[in-house]
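Residue numbers for the sequence shown follow numbering that gives the first Met the number 0, so the first one is 0 and each next one is one higher.
Every residue, glycine too, gets a C-beta built ideally from N, C-alpha and C.
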Amino acid sequence: MRSRTSELLLLAALGCRDPETPPVPYVDLVTQPCALDPDGRVTCWAPDDTGLPEPWVRDIPDDLPPLVSIQSHRPGLLRGLDADGRVVVVACADTPWVACPTLPEPVVQLTDYGGLTADGVLVPDVNHDLTLDAPAGPWVVLADSHPAGVDTARRLWVHGAPDLTVDLPVAPTAIVADVHRDRAGACVLDGQGTIHCAGTAPFTGWATEPPYRALVGSLGAACALKNASTLVCNDGTVHDFGPVLAFSAARYPYYAADGSFVERYDAPVTVCALPEDGGIVCEGPRTDGLSLD
């Protein structure tokens, strides 16, 4: 849960692009404002959820190996994969429940709960058990934010209350998932550009006009790319950044007019994208029209 102080610090830490500075052509982006450049280096612009007074990562040290992808959902934790599939802990806040986990073997996909090997085997990190009551693998794709995935029989499985399964007609290419109390769901994109969802709203009934080209999201959010530049999200919003290379989306908590805290699954979606001409642009309740260099 974010404090009001950390919300304000996050807004203060997000700087605007200097028009005289050429934008950096980033190649990867996570739900926190962190991006990976073509040289495998990570830059972040915001404090973590603990409300630290300064940005917790900025210009990752040169002694880290170049990364090929980055991942972060838990407060204060940023991990990445190097070229050999090894998990590299880029940053970890000093909080008792975060163990800065690496994985015991190389993986081809890194998620918040663990990883997926080239053989489709689930590898849990030290804080979580990925097996739960999941169907037998091997798996072909795994959710990024909570336990869900698709096995080689093309069955989408979502750990929730109760567990949800959906048989897919076509092999998937991407998945987004989240589990929040009585709300659970996941959406998967197949090779024909159709999105299939399991669970409850806001996961169901939002992507009804295929084809889609990409699907991402976390913390209850899902956004899909309809063409080169139009992003459709499961809160009903539509964003047009121009042609994009990659994008991320998440629901964030916010404070109501009476000062009460609103949970993530009811929060509006913030989406960030990497335009073809470089840099990062974001739209949403906290970062509307934001540009980062």
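Item to check | One or two residues paired with residue 123 in a DSSP bridge | outcome: 113
Checklist entry - Going by other Cβ atoms of all chains shown within 10 Å of its Cβ, with 16 needed for buried, is residue 183 buried or exposed? => result buried
Checklist entry - What's the C-alpha gap between residue 158 and residue 88? => result 26 angstroms
Checklist entry - Who are the Cβ neighbours of residue 166 in its own chain at under 7 angstroms, not counting the five residues just before and after it? => result 153 and 154
Item to check | Nonlocal neighbours in the same chain, by C-beta distance under 6 angstroms from residue 113, ignoring five residues either side | outcome: 122, 123, 124 and 129
Item to check | Simplified DSSP assignment, three categories, for residue 99 | outcome: coil
Checklist entry - Can you tell which of 224, 71, 251 and 216 has its C-alpha closest to the C-alpha of residue 241? => result 224
Checklist entry - Closest to residue 69 by CA distance: which of 62, 31, 103 and 104 is it? => result 31
Next on the checklist: Report the CB separation of residue 214 from residue 176 in whole angstroms; it is logged as a contact under 8 angstroms.
Outcome noted: The pair is not a contact, with the Cβ atoms about 11 angstroms apart (cut-off 8 angstroms).
Item to check | Span separating the alpha-carbon of residue 65 from that of residue 259 | outcome: 42 angstroms
Next on the checklist: Restricting to runs no shorter than 3 residues, where is the beta strand (DSSP E) found entirely within the stretch 161–247?
Outcome noted: 163–166, 171–179, 182–189, 194–198, 213–215, 222–224, 229–232 and 237–239
Checklist entry - Which partner residues of residue 42 appear in the DSSP bridge assignment? => result 34
Item to check | Nearest residue (CA-CA) to residue 231, options 34, 194 and 139 | outcome: 194
Checklist entry - What's the gap between the Cα of residue 229 and the Cα of residue 248? => result 14 angstroms
Item to check | Spatial neighbours of residue 95 in its chain, beta-carbon cut-off 8 angstroms, leaving aside the 5 residues before and after | outcome: Below a pLDDT of 50, predicted positions are generally treated as unreliable, and residue 95, at 48, falls in that range; the measurement from the model is reported next regardless. Answer for residue 95: no residue qualifies.
Checklist entry - Name the DSSP bridge partner or partners of residue 76? => result 91
Item to check | Which listed residue (61, 110, 191 and 90) has its alpha carbon closest to that of residue 84 | outcome: 110
Item to check | Per-residue burial, residue 276 [other beta carbons within 10 Å of its own, 16 or more giving buried] | outcome: exposed
Item to check | Opposing strand residues paired with residue 68 [DSSP bridges] | outcome: 80
Checklist entry - What is the rounded straight-line gap between the Cα of residue 278 and the Cα of residue 196? => result 31 angstroms
Item to check | Separation of residue 226 from residue 212, as counted between CA atoms | outcome: 7 angstroms
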